[in-house]
Amino acid sequence: MRPLVLRGGRVIDPSRGLDQTTDLLLQDGKIAGIGTGLSAPEADVRDVTGKVVAPGLVDVHVHLREPGNEDEETVASGARAAVAGGFTAVCAMPNTDPVTDNQAAVGFIIRQSVRAGLARVYPIGAVSVGQKGEQLAEFGEMVGAGAVAVSDDGKPIVSGHLMRTALEYARTFDIPIADHCEEPTLAAGGVMHEGLVAARLGLKGIPAAAEEIMVARDIVLAELTGGRVHLCHMSTRGSVDLLRRAKERGSRVTAEVTPHHLALTDHACEDYDTHAKMNPPLREAADVAALRGALKDGVIDCIASDHAPHAYDEKDAAFDDAPFGVVGLETAFAVAYTELVQGGVLALPELVARMSTVPAQVFHLPGGTLTPGAPADVCVLDVAARWTVDAAHFHSKSRNTPFQGRALAGRPVLTIVAGRIVHDTEAAPAR
Amino acid sequence: MTATLGKDLVGLEHLSPEQIRLILDTAEPFKEVSERPIKKVPALRGKTIVNLFFEASTRTRISFEFAEKRLSADTVNVAATGSSVSKGENLVDTARNLEAMRIDMVVIRHPSSGAAQFLGKRIRSNVINAGDGKHEHPTQALLDLLTIRDKRGKIAGLKVCLVGDILHSRVARSNLWGLTKLGACVGVCGPSTLMPRGIEELGVTVFRRIEEAIEWADVLNVLRLQLERMEMGFIPSLREYYRVFGVTPERLERAPREIIIMHPGPMNRGVEIDSRVADGPHSVILDQVTNGVAVRMAVLYLLAGGRPELADAAQRDAGGMH
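Taken in sequence, the protein lines are chains A and B.
Residues 2 to 432 in my numbering are what the first sequence spells out, letter by letter.
Residues 34 to 355 in my numbering are what the second sequence spells out, letter by letter.
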C-alpha cells in the first residue's frame, strides 16, 4: 500500500487540541506525520484544500442485524454505510438472532467485518445469556474474542441485582456496561413520548420517568460497585440533571446521545410517521435543549447513532404496530453539523471530539486521534457541502430515516481505515 | 357554501368549524328519511361501501349500515377480529385488496390509533373513521353535537363536561375538538389515572370530583368505562368507581340548572351511570342513537361528492309522497 498525503486540509485533532491548515501523511497503516510540505517516496497525494481532515468518526452504538436479519442489514452493508458516513469504527450491539452472548458469536462478527474490509466493527457482547436478564454471559471469553463492552441493549437490564453483579464482574476486564435505561412497567405498551402530542394522537406514552429512574439506579450502582456504566441514548432533561450531579461527584459514568434526539421532538410523530418511532422516543424541545447543553459541557460524552435498520414493510404499518428504530450512520455527521455547529452549539473541533476522540476513549478503542503512530483511520469532511437526504441513495440495506428530504450541511467525502481508502465520493460517481 | 370535507373523514381535529357545521346542517334533512315508511333515498345508488371492522362493534356498525342502505349504497361487512395475522400486515394488504376491487368508500374501525389515516393515504376510495384506537371517533362526536344542538338550539357558550376514562377514549378526543371548534366550553372529569397528562393545555377545565363537574356543566357526556381498566390497575374497583364518579340522581339533584345527560353506549349501568339517570328525564341517550344514522348519512353523502344544498332535494325527489 502506497503512502498517502492529504494536502492542505484543515486538520482537526481534538486529542491534541490541533486545528490548523496543514498536511497529513499516512504510511504503513499508521499516521506518519503532520506538517506542511510532507511527502514520502511513491506517495499518492490528495489535495483536500477547503476540506476538514479529522480522525475517523467512532460510533459506539449500532445494530447491524447479522446474524438473523440479513434482509435489513449485514455486517458488510452496515460497515459500508458506516464509512459512507465518515465512521472508521463502529460497535455492534448484541441483540442479533441468535444473541451475541458467547465467544463464538463475537468471533463471527469480527470475521464478517474483516471479510468486508471497510469500517472496523467491534462487537459488544450481551450482559446476560440470551439477553434474558437472568444469568451473566461469559464476559471474559467474549472480551478474549474481541468484544469491547457488554450490553443488553434493545432491552433494559431490569434486575438491579443483575446490573450490580455485571458492573462488579466487568471490573476484571475494564469494560463498560452499556445500559438501555427503561423501567419496563412504566414504559409498557408505550410507543412515543408521553406528552401532549401523544394525548392528541391517542398513542400510549413512555414517560420521561421511565428513563430517569433507571439512569438514577445505574448511577447509584456504578458508585456502589466501582464499575463503569455507559448510558445509551439519553433523551430527557431529567437524565441530564442526574448525570450532571453524578459527574460532579466523580462517578464512573459515561453517556451518549443520538443525532435524532438532538434534532427532533415528539412533533415528528404527527401524522403517525413511523419513521419517528424509536426507543427512547423523541421528547420535547426543553429536552433537546438540555441534551445539547449537556453535550457541550461534557455531561454527555459522545454522539452515537443507534443505527437501527428495519425492513420498509415493517415500518409501513399503523404506529402501534411498527418497530422502534431509525437508521443513522449516513446522516449522523450532517445532522450533527447542521444542528450543532451551524446551530451555534458546538465548534467543529468539539463536534469531532464528541463523534471520534471521546467515544474512542470511552470504549478504549484505538483511533479517535491523529497522533503519529496511531492507526491511519481518517475522515475528510466537506463542511461546505449542501445536500438533501434521500434514503434511496443509502448504502445501508434499510431506509428508515426520520430525515428524509431534509436539507443538510456537511458531508464526509473520503474515509480511510488503516491507511486504505474505503470510501471516496470522487472515485465513485456521487449517488 | 364553499366548505367541503375532502376525501376522508379521519377526525375532527383537522376540520374547520364550517366543515363541522356543514355536516350537522346536512344531517337535518336526512333525519326525516328515517321517519318514512319507505326509508330510502337514491343518493348513493351504485356506490359500493365496505364496512371494515377490526374491532367488535354493534351499534356503530349497524348505524353505518343503516345509513348506507338508506342512501341506496351497496354494502359489504368485513369483520376482521381475532385474526392470527399481525394487525399491521393485515392493514397494508387489506388496503391493497380493497383498492384492487375498486370500491368507493371504506368505513373502518381499528384498534390502532392512526389506522384510518393510514388507510386513507394508501387508497383512492373515501375513508371514514369509525373509531381508531384511542385517537378519534368523529361520527360519534358529530352525533353528540347534533343532539346537543337539537336540545339546546346552540352549541356555542354551553358548558359540556366529558366524564370518565378520558385517557383511552376516542369519543372524548373527537368531542373535545368538535365542541371547542363550535365554541363550547369543555370540561373533563374522571380519576387522574385516566386523564392524559397536560390535557389542560388543550384549553379544557379539569374536574377531579364529579360533584364539581355537575355544578359547572350544562351537559354531561358520560363515557363508557372499559372494564379492563380495572384489571390494568387504573382504578381499584367498579364499586368504588360508581361511589366516587358515578352519575346518580342524588348527585344530579344538586345541579344548579337543567342538565342534559349523554352516553355514547354501550352503558355499564350502575358503574359510570345509574339506571335511574340513564332512563330518566335528563337522558338524551336514545336521541343520540337516532341522530347517529342521520349524521352518518350526511358524512357518506358529503364525502361521495354530494352537495349539501341538494340533500333536501335528493330526499324530496325520492320520497315522493311528503
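Here a beta-carbon is modelled for each residue, glycine too, at the ideal position from N, C-alpha and C.
The structure displayed is predicted, hence computed values, not measured ones.
Check	Outcome
CA nearest to the CA of residue 22(A), picked from 29(A), 30(A) and 8(A)	8(A)
Chain-ordered residues of the stretch 291-323 of chain A with a beta carbon less than 8 Å from chain B	314, 315, 317, 318, 319, 320, 321, 322 and 323
7 Å Cβ cutoff met for residue 218(B) and residue 192(B)	yes
Proximity winner among 139(B), 255(B) and 198(B), relative to residue 167(B) (alpha-carbon distances)	198(B)
Nearest neighbour of residue 427(A), chosen from 262(A), 381(A) and 159(A) [CA to CA]	381(A)
Run of the beta strand (DSSP E) containing residue 254(B), from where it starts to where it stops	252-255
Contacts that residue 345(A) makes with chain B (C-beta to C-beta distance below 9 Å)	Going along chain B, no residue has its Cβ under 9 Å from residue 345(A), so there is no contact; the nearest lies around 29 Å.
7 Å Cβ cutoff, residue 211(A) in contact with chain B	no
Given residue 283(A) as reference, the closest of 256(A), 359(A) and 212(A) once Cα atoms are compared	212(A)
Any C-beta of chain B under 7 Å from that of residue 187(A)	no
Cα-Cα separation, residue 363(A) to residue 245(B)	57 Å
Segment contact flag, the stretch 68-85 of chain B with the stretch 96-113 of chain B, C-beta cutoff 8 Å, min 3 pairs	yes
Residues bridged to residue 67(A) (per DSSP)	DSSP, once it has assigned bridges, lists no residue as partnering residue 67(A).
Rounded C-alpha distance that separates residue 1(A) from residue 226(A)	Since the first residue shown for chain A is 2 and the last is 432, residue 1(A) is missing from the structure and cannot be characterised.
Touch test, the stretch 355-372 of chain A against the stretch 297-310 of chain A, Cβ-Cβ under 8 Å, three pairs minimum	yes
With 16 other Cβ atoms within 10 Å as the buried cut-off, status of residue 229(B)	buried
Per-residue contacts from residue 195(A) into chain B (C-beta, under 8 Å)	230
Test: residue 117(B) CB closer than 7 Å to a CB of chain A	Unreliable positioning characterises residue 117(B) in this predicted model, as indicated by a pLDDT of 39, which lies under 50. A coordinate reading is not provided.
Proximity test, Cβ basis, 7 Å: residue 124(B) and chain A	yes
Cβ pair residue 267(A), residue 328(A) closer than 7 Å	no
Residues that DSSP places opposite residue 140(A) in a beta bridge	Residue 140(A) pairs with nothing; no bridge assigned.
Through-space distance from residue 88(A) to residue 167(A), alpha-carbon basis	29 Å
Chain-ordered chain E contacts of residue 151(B) [CB-CB under 7 Å]	Among the protein chains in the structure shown, which are A and B, there is no chain E.
Minimum Cβ-Cβ distance from residue 339(B) to chain A less than 7 Å	no
Beta carbon of residue 123(A) nearer than 7 Å to that of residue 149(A)	yes
The stretch 331-340 of chain A touching the stretch 409-417 of chain A, judged by at least three CB pairs closer than 8 Å	yes
Three CB pairs or more closer than 8 Å across the stretch 45-52 of chain A and the stretch 64-81 of chain A	no
Strand pairing of residue 123(A), partner residues [DSSP]	92(A)
Where the beta strand (DSSP E) containing residue 232(A) begins and where it ends	230-232
Cβ neighbours of residue 128(B) in the same chain (closer than 6 Å, five flanking residues each side left out)	152, 155 and 156
From 260(B), 53(B) and 317(B), residue whose alpha carbon lies closest to that of residue 172(B)	53(B)
Run of the beta strand (DSSP E) containing residue 417(A), from where it starts to where it stops	408-418
7 Å Cβ cutoff met for residue 207(A) and residue 184(A)	no
7 Å Cβ cutoff, residue 200(A) in contact with chain B	yes
Contact with chain A by residue 168(B), beta-carbon distance below 7 Å	yes
Chain-order list of residues whose beta-carbon lies under 8 Å from that of residue 215(B) (same chain, five-residue window excluded)	50, 53, 54, 178, 188 and 189
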